[in-house]
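Worksheet: the structure to be examined is printed underneath.
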Amino acid sequence: MSSTKFALRESQMKENICVFRRPITGGCRMCLQREVSDHLRKAGYDCAICKSKWRSSPDIPSGEHTYLDVLEKSPKKGEVRVVIELNFRAEFEVARAKDEYNWLINRLPEVFVGKAERLRTLIKILCSAAKERNA
Numbered sequence: 025m026s027s028t029k030f031a032l033r034e035s036q037m038k039e040n041i042c043v044f045r046r047p048i049t050g051g052c053r054m055c056l057q058r059e060v061s062d063h064l065r066k067a068g069y070d071c072a073i074c075k076s077k078w079r080s081s082p083d084i085p086s087g088e089h090t091y092l093d094v095l096e097k098s099p100k101k102g103e104v105r106v107v108i109e110l111n112f113r114a115e116f117e118v119a120r121a122k123d124e125y126n127w128l129i130n131r132l133p134e135v136f137v138g139k140a141e142r143l144r145t146l147i148k149i150l151c152s153a154a155k156e157r158n159a
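Under this note's numbering, read the sequence shown as residues 25 to 159, first letter to last.
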């Protein structure tokens, strides 16, 4: 999606002021998401910032994650849901990982733009690789 690339480049060139007062290197994640979402909406896409939350379990702490959800209307395919994860590679980086795991992570795109099914497949592969890195 070239509109996503354009929005990211435009956002990086601008001097953004974080409204959440959580400045980080390269800009606040929430501000960047809002900037890209606004740009995509102005370009005619149905885009929203979505939040996924989960409760803790014995093995997993509770948490939340935000991402962009775009509903793209295609005359041939109808409505196609696209997920945009602006910090995709960094979500899987871990300390003291084995070389094989780092090799895999370095091949991931910094920004993921694709269907939810493709994202689920990638996440399954990456989680399996992360489990193996501890073996």
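All C-beta atoms in this analysis are idealised placements derived from N, C-alpha and C, irrespective of residue type, glycine included.
From a predicted model like this one, the values you see are computed outputs, not experimental measurements.
Endpoints, the alpha helix (DSSP H) within which residue i is located
i, result
"K66", "R53 to K66"
"I84", "Segment: none, I84 is in no alpha helix (DSSP H) and carries neither H nor E."
Neighbourhood of residue i by C-beta distance below 6 Å, restricted to the same chain and skipping five residues each side
i, result
"E96", "V104 and V106"
"E109", "Y91 and F136"
"R144", "none"
"R65", "C71"
Own chain, CB closer than 8 Å to residue i, minus 5 neighbours either side, in chain order
i, result
"S98", "V104"
"P133", "F112 and R113"
"I84", "W78"
"Y69", "S27, V94, L95 and E96"
"G138", "V106 and V107"
"C74", "T90, Y91, L92 and D93"
Separation of residue j from residue i, as counted between CA atoms
i, j, result
"F116", "E88", "15 Å"
"L128", "L150", "8 Å"
"Y125", "R131", "10 Å"
"S152", "R142", "16 Å"
"A159", "K101", "For A159, the pLDDT reaches just 40, beneath the cut-off of 50, and the residue's location in the model is therefore unreliable, leaving the point undetermined."
"H63", "S76", "22 Å"
"S80", "D123", "31 Å"
"S86", "R58", "24 Å"
"K148", "P82", "20 Å"
Integer Cβ distance of residue i from residue j, believed to fall under 8 Å
i, j, result
"V118", "A154", "7 Å"
Neighbourhood of residue i by C-beta distance below 7 Å, restricted to the same chain and skipping five residues each side
i, result
"L146", "none"
"A140", "R105 and V107"
Boundaries (first-last residue) of the beta strand (DSSP E) holding residue i
i, result
"E117", "Careful: E117 lies outside any beta strand (DSSP E) and carries neither H nor E."
"R131", "Neither: R131 is in no beta strand (DSSP E) and is coded neither H nor E."
"K75", "D70 to W78"
Proximity test, residue i beta-carbon vs the ligand GDP heavy atom, cut-off 8 Å
i, result
"L146", "Among the components modelled here there is no ligand, and therefore nothing to report on the ligand GDP."
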